[in-house]
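Visitor:
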Amino acid sequence: MKKKVIIANWKMNHDFYETTSYLRNLLKIIFENKINQKKIIIAPSFPFLHISNQILQGTTLSIAAQNIHQMDNGSYTGEVSAPMLRSIGIKKVILGHSERRKYFTETNEILIKKIKIALKYGFNIIFCVGETEVDREKKKHFITVKNQLEKTIFYFSLEEINSFIIAYEPIWAIGTGKTATPEIAQHMHQYIRTLFLNKYGKRRANDLSILYGGSINDMNAKDLFLQKDIDGGLVGNYSLNIKKFLKIIQS
Ligand code: PGA
Numbered sequence: 001m002k003k004k005v006i007i008a009n010w011k012m013n014h015d016f017y018e019t020t021s022y023l024r025n026l027l028k029i030i031f032e033n034k035i036n037q038k039k040i041i042i043a044p045s046f047p048f049l050h051i052s053n054q055i056l057q058g059t060t061l062s063i064a065a066q067n068i069h070q071m072d073n074g075s076y077t078g079e080v081s082a083p084m085l086r087s088i089g090i091k092k093v094i095l096g097h098s099e100r101r102k103y104f105t106e107t108n109e110i111l112i113k114k115i116k117i118a119l120k121y122g123f124n125i126i127f128c129v130g131e132t133e134v135d136r137e138k139k140k141h142f143i144t145v146k147n148q149l150e151k152t153i154f155y156f157s158l159e160e161i162n163s164f165i166i167a168y169e170p171i172w173a174i175g176t177g178k179t180a181t182p183e184i185a186q187h188m189h190q191y192i193r194t195l196f197l198n199k200y201g202k203r204r205a206n207d208l209s210i211l212y213g214g215s216i217n218d219m220n221a222k223d224l225f226l227q228k229d230i231d232g233g234l235v236g237n238y239s240l241n242i243k244k245f246l247k248i249i250q251s
């Protein structure tokens with residue numbers, strides 16, 4: 001069965017004290033209000049993954065890394081490898097985020113390597129796709145997303161992609177306050193599910209969690225999550241504030 005999932009992508013925000021006090025407060029509120037925890041994944045910055053994982057130990061909330069390097073180890077100054085993250089108990093990673101593609105020139109070729117190394121070390125992958133504003137204006141949004149999937153994930157077998165989560169994040173909606181309407185998002189999610197149906201069959205397509213990301217807030221989350229093919233969200237800005245994030249979780 002496809003799962004409903006909410007992921008907080010903190011990007012380069014929250015220092016040590018903000019991270020730890022946020023997580024402790026979040027746990028407290030979740031337990032007090034009996035909120036189903038299985039759905040919640042938090043992606044803090046690298047230096048705080050270890051402590052974050054420790055704080056969430058024994059709960060069903062989990063931690064994801066925002067990135068990994070594509071090599072096992074070596075002379076890559078400033079980078080963090082998959083085995084390093086595994087050694088501190090991290091089992092989930094976000095890959096293909098548009099900010100990584102744009103600012104760190106992550107190409108499809110690099111992403112294939114990152115998927116391979118993540119699979120080698122047993123990570124669950126949250127993989128992002130999404131079109132630019134120009135793509136959409138030129139009505140190329142479906143073809144762009146199809147290409148992103150065909151040139152990365154679709155090289156892998158059904159067994160390999162079994163635990164993947166897809167996040168559809170239209171680039172024009174990320175951090176801009178311009179959310180896709182529920183109809184626009186649903187249309188793309190349905191399309192992505194059909195691509196998975198054609199490639200991997202009905203079972204995988206039906207089981208696939210497809211999250212929406214891009215200016216989700218406490219006002220628009222509910223309508224987005226009501227859509228048939230939207231199985232949750234990847235939340236940036238609005239996950240930084242605990243109260244706002246909780247409202248989104250409860251949506
Ligand atoms: P946003 O970011 O919610 O701030 O638009 C979403 C994301 O980039 O994952």
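Numbering (my numbering), first residue to last: 1 to 251. For each residue, glycine too, the CB sits at the ideal point set by N, CA and C.
#1: Within 8 Å, do at least three Cβ pairs link the stretch 169-181 to the stretch 90-106?
#2: For I63, write down the residues that DSSP places opposite it in a beta bridge.
#3: How is V235 classed by DSSP in three states: helix, strand or coil?
#4: Flag this pair as touching only if the stretch 197-206 and the stretch 231-245 have three or more C-beta atom pairs under 8 Å; answer yes or no.
#5: Going by the DSSP bridge assignment, what does A167 pair with across the sheet?
#6: Go to V145, then tell me how far its alpha helix (DSSP H) extends in each direction, as first and last residue.
#7: Could you tell me which of G213, K91, I161, K92 sits nearest to I181, measuring between CA atoms?
#8: Is it true that the stretch 112-122 meets the stretch 61-79, where meeting means three or more beta-carbon pairs spaced less than 8 Å apart?
#9: Identify, in the order they occur along the chain, each residue of the same chain with its Cβ nearer than 7 Å to the Cβ of S209, setting aside the five sequence neighbours on each side.
#10: Measuring from the CB of N9, is there a heavy atom of the ligand PGA at a distance below 7 Å?
#11: Spatial neighbours of A205 within its chain, please: C-beta separation below 8 Å, excluding the five flanking residues on both sides.
#12: So N9 is in the beta strand (DSSP E); what residue range does that whole segment cover?
#13: For S62, which residues in the same chain have their Cβ closer than 7 Å to its Cβ, ignoring the five residues on either side in sequence?
#14: With a Cβ-Cβ cutoff of 8 Å, do A279 and F123 count as a contact?
#15: Helix, strand or coil for V259? Go by DSSP, reduced to three states.
Guide: The relevant details are as follows:
#1: The way I'd put it, the stretch 90-106 does touch the stretch 169-181; three or more beta-carbon pairs between them come closer than 8 Å.
#2: Here residue 63 corresponds to residue number 63 of the sequence shown, with the count starting at 1. Looking at the DSSP assignment, I63 forms a beta bridge with I42.
#3: The sequence position of residue 235 within the sequence shown is 235, counting from 1. In the structure shown, V235 adopts extended strand secondary structure according to DSSP, grouped into three states.
#4: Segments in contact, no.
#5: In the sequence shown, counting from the first residue as 1, residue 167 sits at position 167. In DSSP, A167 forms a bridge with C128, L211.
#6: For the purposes of this step, residue 145 is taken as the residue at position 145 of the sequence shown. For V145, the uninterrupted alpha helix (DSSP H) run begins and ends at 141-150, by DSSP.
#7: Indexing the sequence shown from 1 puts residue 181 at position 181. It should be noted that the sequence gives Thr, not Ile, for residue 181. Out of G213, K91, I161, K92, G213 has the C-alpha closest to the C-alpha of T181.
#8: Touching, yes.
#9: To locate residue 209, count along the sequence shown from 1; it is residue 209. Beyond the five residues adjoining it in sequence on each side, S209 comes within less than 7 Å, by CB distance, of K2, K3, V5, I165, D231, G232 in the same chain, given in chain order.
#10: Your numbering for residue 9 matches position 9 in the sequence shown. It does: the Cβ of N9 is within 7 Å (strictly closer) of some heavy atom of the ligand PGA.
#11: What you label residue 205 is simply residue 205 of the sequence shown in a count that begins at 1. Cβ-Cβ distances below 8 Å link A205 to R193, T194, F196, L197 in the same chain, with the five nearest sequence neighbours on each side left out; the list follows chain order.
#12: Against the sequence shown, residue 9 aligns to sequence position 9. That run of the beta strand (DSSP E) goes 5-9.
#13: Position 62 of the sequence shown, counted from the start, is the residue given in the question as residue 62. Excluding positions up to five away in sequence, the list reads I41, L56, K92.
#14: The displayed coordinates of the chain run from 1 to 251. Any statement about residue 279 would go beyond what the structure contains.
#15: Outside the shown range of the chain (1 to 251) lies residue 259, about which nothing can therefore be said.
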